[in-house]
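Structure first, then comments.
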Amino acid sequence: PPLRAFLLERTREKDLALFYEVADAAQPATPEDVPLRIAIPAFAVSELGTAFRLGFLVLLPFLVVDLVVAAVLSALGMVMLPPSVVALPLKLLVFVSVDGWHLMVRSLLAGAV
């Protein structure tokens with residue numbers, strides 16, 4: 018029961034409904050009626066969705082930093098300087114200044130982005 022409660026607290030209803038639909042099973046009346054053969058894969062799919070969303074939200078600002086640095090270096094005529102040499106310290110500065118580790122861990126523990 019503690020495992021089932023943990024899984025169901027962190028599983029989206031949409032993912033749980035998907036596995037009930039695939040298994041051709043009736044919807045349960047209470048959370049205690051949810052079998053583990055449905056709760057575990059629904060939890061895994063839900064967590065994968067959260068991880069991909071979190072990865073996208075982390076990637077997007079870093080991609081913007083890369084594009085801005087490349088554009089500025091090209092505009093200054095510094096085409097021989099690799100943009101990653103300038104972008105990496107900027108990315109680290111942005112990550113540290115917004116307290117990135119805290120935001121990532123909080124999002125992972127909450128189970129949703």
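The opening residue of the sequence shown carries number 18 in my numbering; numbering runs sequentially from there.
Where a beta carbon is used, it is the ideal one built from N, C-alpha and C, also for glycine.
Self-check item: Simplified DSSP state of Asp116, which is helix, strand or coil
Solution: On the sequence shown, residue 116 is found 99 positions in, with the first residue counted as 1. Correct three-state label for Asp116: coil.
Quiz item: Do three or more CB pairs link the segment 63–83 to the segment 34–42 at distances below 8 angstroms?
Solution: As far as the Cβ criterion goes, the segment 63–83 does not touch the segment 34–42, which means the pair count is below three.
Practice problem: Closer than 8 angstroms by C-beta to Leu107: which residues in its own chain qualify, once you throw out the five before and the five after it? Chain order, please. | Solution: Taking the first residue of the sequence shown as 1, we reach residue 107 at position 90. Within the same chain, Val82, Val86 come within 8 angstroms of Leu107 by CB-CB distance, once the 5 residues on both sides are set aside.
Quiz item: Beta-carbon separation of Leu105 and Ala56 under 8 angstroms?
Solution: Here residue 105 corresponds to residue number 88 of the sequence shown, with the count starting at 1. Here residue 56 corresponds to residue number 39 of the sequence shown, with the count starting at 1. No; because the gap between Cβ atoms is not below 8 angstroms, this pair is not in contact.
Self-check item: Among Glu49, Leu20, Ala61, nearest to Thr28 - alpha-carbon criterion
Solution: On the sequence shown, position 11 is the one that residue 28 refers to. When only C-alpha atoms are compared, the closest one is Ala61.
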